[in-house]
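Trainee: Read in order, the letters of the sequence shown correspond to residues 1338 to 1529 in this note's numbering. Once you've had a glance at the structure underneath, I'll fire off some questions.
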Amino acid sequence: MILSRELAGGTVIQERKLADSLGISRTPMREALKRLEGEGWLVRLTDRLLSVKLVTLEEYLQALGARRMLEAGAIEIAVKRMDEAMIDSLQAQLDTLREHTKPSNVMHWEFDDNLHEGIAEATGNAIVVRLIKELRNITHLFETQTVPPRLLPGISEHQAIIDALRKRDPALARDRMLIHLECVRTGVMDGL
């Protein structure tokens, strides 16, 4: 609901009302909310109140800058370690996304997560994986709260990243990742 923009940044979460609207009991709702809070999607206001995290422009730019540093290094390692089956899977997912005339935001973000998290995981470094995931949560929240997703430019940039992974070229992969993240920044800033 956060990614689909049904719950905007700053929205106060009422556990009972949300559970009722989704047709689930409060116990699984409470567990889901705890998990979302732990992942940084929600912030605790009081003992009983949570809200959807509202990310500022400054936080967004700092998180995106940190992602540039981490993901550029991560892809240089991943390009040597990622197996062909994973690259093929990413390509198939991107092809499926490309085939949809109007892919949903959820489809786009699912692929985006698989690509960026797959690259992080291929480093074999659990701390890098965790940090990239946390930073992506911040940038993702800001993007869903402020601007429409950049589906078409993102597809060509992601294709360039997959092509660089397939070529096993660390310098090319690093350049493609940096170009992609700069295009994300530019697209968001232009959309404000």
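Glycine included, every Cβ here is placed at the ideal spot set by N, Cα and C. These numbers come from a predicted model, not from an experiment.
When the Cβ atoms of the region 1388-1401 are set against those of the region 1468-1483, are three or more pairs found closer than 8 Å?
Mentor: The region 1388-1401 is in contact with the region 1468-1483.
Trainee: With a cut-off of 8 Å on the beta carbons, I'd call Leu-1502 and Met-1419 a contact; round off their distance for me.
Mentor: Yes, Leu-1502 and Met-1419 are in contact; Cβ-Cβ is about 6 Å, under 8 Å.
Trainee: Opposite Arg-1381 in the DSSP bridges: which residues?
Mentor: Looking at the DSSP assignment, Arg-1381 forms a beta bridge with Leu-1387.
Trainee: Rounded to whole angstroms, what is the Cα-Cα separation between Glu-1512 and Met-1444?
Mentor: Before going further, note that residue 1512 is Asp rather than Glu in the sequence given. Spanning the two alpha carbons is a distance of roughly 25 Å.
Trainee: Nearest-angstrom Cα distance between Val-1380 and Leu-1373?
Mentor: When rounded, the distance between both Cα atoms is 9 Å.
Trainee: Beta-carbon separation of Ala-1459 and Ile-1469 under 8 Å?
Mentor: No. Outside cutoff.
Trainee: Do Ala-1510 and Ile-1492 have their beta-carbon atoms positioned less than 8 Å apart in this structure?
Mentor: Taking 8 Å as the Cβ cut-off, Ile-1492 and Ala-1510 do not qualify as a contacting pair.
Trainee: What are the partner residues of Ile-1350, as DSSP defines its beta bridges?
Mentor: Beta-bridge pairing links Ile-1350 to Leu-1387.
Trainee: When you compare only the Cα positions, how much space is there between Asn-1451 and Ile-1339?
Mentor: Rounded to the nearest angstrom, the two C-alpha atoms are 18 Å apart.
Trainee: Output needed for Met-1423: all residues of its chain with C-beta closer than 8 Å, excluding positions within five of it in sequence on either side, in chain order.
Mentor: These residues qualify, in order along the chain: Gly-1455, Ala-1459.
Trainee: Would you say Glu-1408 and His-1453 are within 8 Å of each other, going by their C-beta atoms?
Mentor: Cβ distance < 8 Å, so Glu-1408 and His-1453 count as in contact.
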